[in-house]
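Report on one structure; see the data block that follows.
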Amino acid sequence: MRRLNRALLFSLPFWGLSLSAQQSTIYTHQLKDYDKAVALYNDKQYQAAQILFEKTKTDNRDMDVQADCAYYIATCAVKLNQKDAGALMEDFVEDYPTSTKQNQAFIEVAGYNFSQGRYKEALEWYDKVDESSLGDADRDRYNFQKGYSYFNAGDKKEADKYLEKVKNSKQYGSQAKYYLGFIAYEGDDYKKATQLFESVDDKEKYSEKMSYFQADMNFKQGNFQKAIDVGVPQIPKSDANEKSELSKIIGESYFNLGQYDKAIPYLKAYRGTKGKWSNTDFYQLGYAYYKQGDYENAIAEFNKIIGGNDSVAQNAYYHLGESYLKTGKKQQALNAFKNASEMEFDLKIQEDAYLNYAKLSYEIGNPYQSTPEVLSSFMEKYPATPFKQEIQNLLINSYITSKNYKEALVILEKSKSPENRVAYQKVTFYRGMELYTDGNYQEALALFKKSLAEQRDARFTARATFWKAETEYVLDQFNEALISFKQFAGFAEAKTTPEYKNINYNIAYTYFKLKEYDQAAKYFTDYVATAKGDNVRLNDALLRLGDSQFVAGKYWPAMEAYNKAIDMKGIDGDYALFQKAISYGFVARNEKKIEDLTKFVQTYPKSKYADDALYEMGNTYVTEKQTDKAIVAYDRLIAEYKGSSYVSRAIMRQALIYYNAENDEKALVKFKKVVAEFPNTPEAMEAVQTARLIYVDNGRTDEYAAWVKTLGFVDISDADLDNTAFEAAEKQYLQNNTKQAISALSSYVAKFPNGISALKANFYLAQSYYAEGLETNAIPNYEFVISKSRSEFSEQALARLSQIHLKKNDYAKAIPVLKRLEAEADYPQNITFAQSNLMKSYYDQQDYANAVVYADKVLANNKTEDRVKSDAQIIVARSAVKTNDEPKARTAYAKLLTIAKGELAAEALYYDAYFKNKDGKFEASNTAVQKLSKDYSGYKYFGAKGLIVMAKNFYGLKDSFQATYILESVIKNFTAYPDVIADAQKELDVIKGQEATRNSSIQN
């Protein structure tokens, strides 16, 4: 169109020439401005040129001139780095698509974007350039900038193509060689990279970067010394990041040259990738320290390697184990060797690590699996090991030393080889002891019998015989126990055992239980004659010696034994004094009996035997015909011991005194008191019968009949039938014909629910049901007995009924019965039974306050056995934990630790470790866990919980490897305890989360 206009202009009519001439003058003037602007542009006076180009473009209507002006305006903007330069150049390209400067515009737009760092946009414009029309200068610029843009975009192949074209360019050659060298370096073509870097002309400008690359290339090519030579001088000139990377290269080079002392400072100076080290980084520094003999620092680096599963990790864990051994940290070494032994990257290291793991398991115990299992597994995996004989010896011994008798027994049962028979005898014995301690007597007995079946070691044969006897005794198998105790005493080796010193005591008690009192007295006498050091047992033996003589009717010897017990001022001194007083009565020394009973009541007013003493005192006064004093004694008993089972009998005795003195009215008052307050008891029945005599003698039969009709438990018309039926049933019971007794007594109770002998009948029936194992049937009959006034049957009925409810775990029903038993029992053992079971029942009902109240009562009783005391302490401790009373829990578990055995001891040790960890006493806490693992390995639950505490301890001691490895092992090995697994996983997640902030190898 523009050309068409020019053609038309030249064909205009002549009259148009004057106008055309005028326009030509203007055009010529405008071209001068254009030429002047071009001259200014060529002189690099871009601002002035731009202004003149803009004026020319505005004034001149020639499209070619306008196009050229638009180009130069945009180019000046580029040269002046104006904000709108890019937009101006893009407008030019769009507005003047046919301009001859279009190609040059593409170059300028691309160059402008390149200068702004917009390499992607630069490449888009360079792709539009016609390279063939470029001059040499523009072509070099084009190739370099396009090549660098590709380099920046990560397209190394395209970058290499364009940069190769300008590597000999005077202007761009050095830069091109540097980037081509870097591309070759990135592609691991170190030979080409080295050539290119060395041919860079302006080395000073690129020296820092190239020195790093050269050092790295030499390192990667195994030229470690050259890497050091290149890298060391460059460190002072480098920035922090480059200094870190060069330090790593130099440190690893020294490491690979075996110059560990020189490697250490450089390896330490490395700052990691984004501030994190990898497992390999920790390994190299740790190994360098290890080779220098600096085991503590080696440990500090090796133990940061978490979750590694490659040859580096296996090597690190092996040397970590060795470092732990060098510093005496055997538990830590065990874990490190175990980890290394589970990896197969280096089979020699695996075998050596396994050997160390097996030996350490024997030496210090193994919390994850039984030591015999570890040693057996090693032998199976490495049958040709040069350490075969040593491991076999350790294996045999380990069955005993591991103390994990339960698992050892499983292994021994599978392999009954001749060399293992002695071990089998010992392990069955020790496992039996564990079961005995935990109260599993039937299982314990079976194990002692298995031990005795071997008889390989005479000393253990003797000990197993003794504990078989103890177990039989606890199971009320007294005849069998007596035989076993005597067998034990007959072994020559028995004298070397810890059990021997008490054998006469044990035999004596067995005879005592068999009611062979003469024999019991003989063995108690033998024990007393030789007893040393154990005053509690000696005191008890004197009391039982006195009892044996007493029952055998040998009262003077009995009193001698009781006197010795009294002189000891030990437990049950009140009982000894009481029994001594009673004995005087049997040798016709009633005045001495009364004197001692009076002394007893004064000395022990709160004794369980105080009511017995007053009752016996009253009876003795009656015998001595001092009835006034008898009345006073009975009155004191009735007034001060209202809950005593002797109250009804004391009132009855008073009534008989009055009756015999022919003081009928006072006698009737007392008889009626017995009947009113203690209905349905034998005393009540006797009171009715004796009162009848008074009424008959005084001719007051109507009054008697009226009175009797008010009594629900007396039916005169049926009395003979009642008595006959009961006597028949009682006969079956007393002859131990239990089934017939149940039938007859059931019939009597049904026919005479409130009969004369209803109380006794219900008690006998309940006892018969109980003997036959029909405990549920016995409940209503026991309840009948305890629903009546206190009688001679009340205490035993309460004890048996509570046992039935406890056996069913029916604590709601057991608790009220136990509380009555505690309050009403005369026998101390029943009170202890009630209190200990109330303690357990309240705990089970989550009534922790009352559980602790009764636990404290049990602990306050100095007659309580250690086993029961352990139960009490654990209730106190667990209740304190449940109620967040930490101080009390700490105290209770500490006390428990001094007396507990078996599982309770394991629990106490766990809490000992737990509280020490909480106090920041990590080493001491670990010692407690190690003891738990070694001495109580059979109690897996607390062993597993202890390992979690150990993991926390190690993390507190900055040993990350131990912490994470232990937790991972817990998760892997103790799946039977979901709560423990959950705790371990939670702790592991926390630790790994923290460690991931410094270790790039951890995937969290």
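All letters in the sequence shown, in the order written, are residues 3 to 1006 by our numbering. By construction, the Cβ of each residue, glycine as well, lies at the ideal position given by its N, Cα and C atoms. None of these values were measured; they are calculated from a predicted model.
Discussion item. Quick check: Asn1001 and Lys276, are their CB atoms within less than 8 Å of each other?
Written reply: Your numbering for residue 1001 matches position 999 in the sequence shown. Your numbering for residue 276 matches position 274 in the sequence shown. Cβ atoms of Asn1001 and Lys276: not closer than 8 Å.
Discussion item. For Phe552, tell me which candidate among Phe917, Val589 and Gly113 has the shortest Cα-Cα distance.
Written reply: The sequence position of residue 552 within the sequence shown is 550, counting from 1. That would be Val589, whose Cα lies nearest to the Cα of Phe552.
Item to complete: Helix, strand or coil for Lys608, going by three-state DSSP, please let me know.
Response: As a first step, residue 608 must be located in the sequence shown, where it is residue number 606. Looking at Lys608 - three-state DSSP - the assignment turns out to be coil, as it is neither helix nor strand.
Discussion item. Would the stretch 353-361 count as touching the stretch 333-344 if we require 3 or more Cβ pairs under 8 Å?
Written reply: Enough Cβ pairs lie closer than 8 Å, so yes.
Fill in: Cβ distance (whole Å) where Phe580 is taken to contact Asp542 below 8 Å
Position 578 of the sequence shown, counted from the start, is the residue given in the question as residue 580. Position 540 of the sequence shown, counted from the start, is the residue given in the question as residue 542. About 16 Å; that fails the 8 Å criterion.
Worksheet item: Asn105 to Val131, Cα distance in whole Å?
Response: Taking the sequence shown and counting its residues from 1, the one referred to as residue 105 is at position 103. Taking the sequence shown and counting its residues from 1, the one referred to as residue 131 is at position 129. Cα to Cα, the separation comes out at about 6 Å.
Practice prompt. Identify whether Lys571 lies in helix, strand or coil by the three-state DSSP scheme.
Written response: As a first step, residue 571 is located in the sequence shown; it is residue number 569 there, counting from the start. The answer is coil: DSSP assigns Lys571 none of H, G, I, E or B.
Discussion item. Going by beta-carbon coordinates alone, are Lys535 and Ala578 separated by less than 8 Å?
Written reply: Within the sequence shown, the letter at position 533 stands for residue 535. Within the sequence shown, the letter at position 576 stands for residue 578. First, the residue type needs correcting, since residue 535 is Gly and not Lys in the sequence shown. No, the pair does not count as a contact, with Cβ atoms beyond the cut-off.
Worksheet item: Would you call Glu597 buried or exposed, if buried means 16 or more other Cβ atoms sit within 10 Å of its Cβ?
Response: The count along the sequence shown starts at 1 and reaches residue 597 at position 595. By the neighbour-count rule (16 or more Cβ atoms within 10 Å), Glu597 is not buried but exposed.
Worksheet item: Trp469 lies in the alpha helix (DSSP H); which residues open and close that run?
Response: Counting from 1 along the sequence shown, the entry for residue 469 is found at position 467. Element bounds for Trp469: Ala460 to Val476.
Worksheet item: Assuming Ser372 contacts Ala425 under a Cβ cut-off of 8 Å, what Cβ separation, rounded to an integer in Å, is found between them?
Response: As a working note, residue 372 is residue 370 in the sequence shown. As a working note, residue 425 is residue 423 in the sequence shown. Not quite, the Cβ-Cβ distance comes to about 13 Å (not below 8 Å), so this is no contact.
Discussion item. Is the beta carbon of Tyr660 closer than 8 Å to that of Lys672?
Written reply: Within the sequence shown, numbered from 1, the residue matching residue 672 stands at position 670. Within the sequence shown, numbered from 1, the residue matching residue 660 stands at position 658. Contact: yes.
Fill in: Residues near Leu477 by beta carbon distance below 8 Å, same chain, minus five either side
Walking along the sequence shown from the start, residue 477 turns up at place 475. Correct list, in chain order: Tyr443, Gln444 and Leu447.
Worksheet entry | Thr473, buried or exposed, once every other Cβ within 10 Å from all chains shown has been counted against 16 | Taking the first residue of the sequence shown as position 1, residue 473 is located at position 471. It counts as buried.
Worksheet item: Cα-Cα, which of Ala652, Gln628 and Gly88 is closest to Asp637?
Response: What you label residue 637 is simply residue 635 of the sequence shown in a count that begins at 1. Comparing Cα positions, the closest option is Ala652.
Discussion item. Between which residues of its own chain and Thr430 is the CB-CB distance below 7 Å, once the five residues before and five after are set aside?
Written reply: Indexing the sequence shown from 1 puts residue 430 at position 428. Only Leu411, Leu449, Lys452 and Ser453 meet the Cβ criterion.
Worksheet item: Where does Thr866 sit, in a helix, a strand or coil, going by DSSP?
Response: As a first step, residue 866 is located in the sequence shown; it is residue number 864 there, counting from the start. Reduced to three states, the DSSP call for Thr866 is coil.
Worksheet item: For Arg655, does the count of other Cβ atoms within 10 angstroms reach 16, so buried, or fall short, so exposed?
Response: Sequence index remark: in the sequence shown, residue 655 carries index 653 (1-based). The residue is buried, with at least 16 neighbouring Cβ atoms inside 10 Å.
Discussion item. On the DSSP bridge list, what partners appear for Lys278?
Written reply: The sequence position of residue 278 within the sequence shown is 276, counting from 1. Answer is Thr275, bridged to Lys278.
Worksheet item: By a C-beta neighbour count over all protein chains shown, 10 Å radius and 16 as the cutoff for buried, is Lys994 buried or exposed?
Response: Numbered from 1 along the sequence shown, position 992 holds the residue referred to as residue 994. Looking at its Cβ environment, which holds 16 or more other Cβ atoms inside 10 Å, Lys994 is buried.
Fill in: C-beta atoms of Lys859 and Pro830 nearer than 8 Å
To locate residue 859, count along the sequence shown from 1; it is residue 857. To locate residue 830, count along the sequence shown from 1; it is residue 828. Not a contact, by the Cβ cut-off of 8 Å.
Item to complete: Give me the Cα-Cα distance between Thr403 and Ser249, rounded to the nearest whole angstrom.
Response: Residue mapping note: residue 403 aligns to position 401 of the sequence shown, counting from 1. Residue mapping note: residue 249 aligns to position 247 of the sequence shown, counting from 1. The alpha-carbon atoms of Thr403 and Ser249 are separated by roughly 51 Å.
Worksheet item: How is Asn764 classed by DSSP in three states: helix, strand or coil?
Response: Here residue 764 is taken as the residue at index 762 of the sequence shown, counted from 1. Helix, per DSSP.
Practice prompt. Answer yes if the stretch 88-108 comes into contact with the stretch 67-74, meaning at least three C-beta pairs across the two stretches below 8 Å, and no otherwise.
Written response: yes
Worksheet item: If you measure from the CB of Ser759, is any heavy atom of the ligand GTP nearer than 7 Å?
Response: Inclusion of the ligand GTP in the displayed structure is not the case, the ligand content being empty and no account of it being possible.
Discussion item. Less than 8 Å between the beta carbons of Gly922 and Ser935, yes or no?
Written reply: Taking the sequence shown and counting its residues from 1, one reaches residue 922 at position 920. Taking the sequence shown and counting its residues from 1, one reaches residue 935 at position 933. Contact flag unset, no.
Worksheet item: Using DSSP with H/G/I as helix, E/B as strand and the rest coil, what is Asn341?
Response: Numbered from its first residue, the sequence shown carries residue 341 at position 339. Here DSSP, grouped into helix, strand and coil, assigns Asn341 to helix.
Fill in: Inter-residue spacing [alpha-carbon to alpha-carbon] between Phe963 and Lys350
For the purposes of this step, residue 963 is taken as residue 961 along the sequence shown, with counting starting at 1. For the purposes of this step, residue 350 is taken as residue 348 along the sequence shown, with counting starting at 1. Going from the Cα of Phe963 to the Cα of Lys350 covers about 22 Å.
Item to complete: Would you tell me roughly how many angstroms separate the C-alpha atoms of Arg4 and Asp162, rounded to the nearest one?
Response: Against the sequence shown, residue 4 aligns to sequence position 2. Against the sequence shown, residue 162 aligns to sequence position 160. In this predicted model, Arg4 has a pLDDT of only 32, less than 50, meaning its place in the structure is not dependable enough to derive any value.
Worksheet item: Exposed or buried, which one is Lys884 when buried takes at least 16 other CB atoms within 10 Å?
Response: For the purposes of this step, residue 884 is identified with residue 882 of the sequence shown, where counting begins at 1. Exposed, because fewer than 16 other Cβ atoms sit within 10 Å of the Cβ of Lys884.
Worksheet item: What is the DSSP secondary structure of Asn565, counted as helix, strand or coil?
Response: Translated into positions along the sequence shown, residue 565 becomes position 563. Correct three-state label for Asn565: helix.
Discussion item. Please classify Ser486 as buried or exposed, where buried requires at least 16 other C-beta atoms within 10 Å of its C-beta.
Written reply: For this step, residue 486 is matched to residue 484 along the sequence shown. By the C-beta density criterion, Ser486 is buried, having at least 16 other C-beta atoms within 10 angstroms.
Worksheet item: In its own chain, which residues sit with a C-beta less than 6 Å from the C-beta of Ala965, not counting the 5 before and 5 after it?
Response: For the purposes of this step, residue 965 is identified with residue 963 of the sequence shown, where counting begins at 1. Here the set comprises Ala953, Phe956, Tyr957 and Ile993.
Discussion item. At the level of alpha carbons, what is the spacing between Ala768 and Leu736?
Written reply: Here residue 768 is taken as the residue at index 766 of the sequence shown, counted from 1. Here residue 736 is taken as the residue at index 734 of the sequence shown, counted from 1. When rounded, the distance between both Cα atoms is 14 Å.
Worksheet item: Which residues in the same chain as Ala483 place their Cβ atom closer than 6 Å to its Cβ, once the five residues preceding and following it in sequence are excluded?
Response: Your numbering for residue 483 matches position 481 in the sequence shown. Contacts found: Ala471, Glu474, Tyr475 and Thr512.
Practice prompt. Following the continuous alpha helix (DSSP H) through Tyr319, name the residue where it begins and the one where it ends.
Written response: For this step, residue 319 is matched to residue 317 along the sequence shown. Start and end: Ser313 to Lys328.
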